[in-house]
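K.L.:
Start counting the sequence shown at 152; every next residue gets the next number (my numbering). Glycine included, C-beta positions come from ideal geometry on N, C-alpha and C. Just so you know, these numbers come straight off a predicted model, no measurement behind them.
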Amino acid sequence: MQIVFSTQQWTENFFSSDQKKAVESLEGGNILHFPQLAFALKPEEIKFLSPEYADPQAKNIGYNPKLNVLWGAQRLSDDERIKLKAMLDRFSQSAYNLVRNLLPHYVNSIVMARTSFRPVEISNRKTSYRKDDKRLHVDAFPSAPNQGRRILRVFCNINPHGEDRVWRVGEPFEKVANKFLPKISNPILGKSALLRLLKITKSYRTLYDHYMLQIHDRMKADEHYQINADQQELRFAPGSAWIVQTDHVSHAAMQGQYVLEQTFSLPVSAMKNDAHSPLRILEKILKRPLL
Ligand code: SIN
Ligand code: FE
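1) For residue 309 versus residue 194, is the C-beta distance shorter than 8 Å?
2) Mind listing, in chain order, the residues whose beta carbon lies closer than 6 Å to a non-hydrogen atom of the ligand FE?
3) With respect to the alpha helix (DSSP H) encompassing residue 242, which residues constitute its N-terminal and C-terminal limits?
4) Within a Cβ cutoff of 7 Å, which residues of the same chain sit near residue 163, ignoring the five residues on either side of it in sequence?
5) Which complete alpha helix (DSSP H) runs does the region 299 to 352 hold, if anything under 4 residues is left out?
6) Just verifying my parser: in three-state terms, what is the DSSP assignment at residue 399?
7) Would you give the residue range spanned by the beta strand (DSSP E) that residue 263 belongs to?
8) May I ask you to check if the CB of residue 404 is nearer than 7 Å to at least one heavy atom of the ligand SIN?
9) From the DSSP output, in three-state form, read off residue 358 for me.
10) If you pair each beta-carbon of the region 416 to 434 with each one of the region 193 to 211, do three or more pairs fall below 8 Å?
11) For a test of your reading of the model: does the CB of residue 269 fall under 7 Å from any non-hydrogen atom of the ligand SIN? Yes or no.
12) Is the beta carbon of residue 125 within less than 7 Å of some heavy atom of the ligand SIN?
13) Name, in chain order, the residues that DSSP records as bridge partners for residue 427.
14) Taking only heavy atoms of the ligand SIN into account, decide whether any of them is closer than 7 Å to the Cβ of residue 410.
15) Cβ-heavy atom distance between residue 316 and the ligand SIN below 7 Å?
16) Helix, strand or coil for residue 422? Go by DSSP, reduced to three states.
17) Find the nearest neighbour of residue 377 within the set 210, 289, 362, judged by alpha-carbon distance.
18) Taking just the CA atoms, how far does residue 233 sit from residue 222?
19) Any heavy atom of the ligand SIN closer than 7 Å to the Cβ of residue 242?
20) Can residue 274 and residue 405 be called in contact, C-beta distance under 8 Å?
21) Is there a Cβ of chain D sitting closer than 8 Å to that of residue 233, yes or no?
22) Return yes when at least one heavy atom of the ligand SIN lies under 7 Å from the C-beta of residue 306, else no.
23) From residue 432 to residue 230, what does the alpha carbon distance come to, in whole angstroms?
24) Taking just the CA atoms, how far does residue 349 sit from residue 259?
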């Protein structure tokens, strides 16, 4: 379920035995937990620990480290905007350093995606069931098809009031897939092309994306499943970090405020053992290629 590392620095070097353990555990659906890996804020950044800078319409404040673009934020002066970007940029570099040193197997193929800052308390956030991350789910995005690529995320709890990030972690992906796939039919012919044409999706929604999105939605919609599926509570204290492949680890974020997160995208071909990927697991169950 979780593998604990005593890492204290984002630039730490690892023994090859730790690197091997990390990649195998991660691909096997475990969470890599770093209870002593804090992300230090600069004095001028402390003020960002407030929900007031988050646009109420957006779930998170987002940042694209490649393009230096921020979104989902409000009420920032020009100077504050620069400072918040610098904070997110520093986190994205820290997350990259950790991934590079701990998971060198991925270093030539991993792609840095967006960074997020989540300053809104989760437990009292009201949303539609599809957007409700308090329900167990695997990650899949309606407008941004992954086309089989893995979603690898680095989180760090920067809560200044001692509040843990509380997750529920559910059953292994293969069990999830076996439960929900029989209820899912093929996409309507031409739908993916139309979604692309209308620019509703940023790239073509493959069969893989169709099934992942359906699994995501059906998991969240199933009240009985939410309560009765095998699950366990995990708590991430302030000053701790964790790495998880959220496309195959069933998870729900129940409580907490102020977390930083960096997303990476990884081709299935870069995995040490691609049989663990949701793509290969779905293909095995459905007995057909999905890309
Ligand atoms: C999620 O990926 O569902 C939310 C995780 C979090 O914000 O802790
Ligand atoms: Fe999620």
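P.N.:
So, from the listed chains and residues:
1) no
2) 284, 288, 290, 397, 402
3) 229 to 253
4) 252
5) 324 to 331, 342 to 348
6) coil
7) 262 to 269
8) yes
9) helix
10) no
11) yes
12) The structure shown has nothing for residue 125, since the chain only spans 152 to 442.
13) Paired residue(s): none; residue 427 is not in a bridge.
14) yes
15) yes
16) coil
17) 289
18) 13 Å
19) no
20) yes
21) The structure shown has no chain D; it contains just one protein chain.
22) yes
23) 48 Å
24) 34 Å
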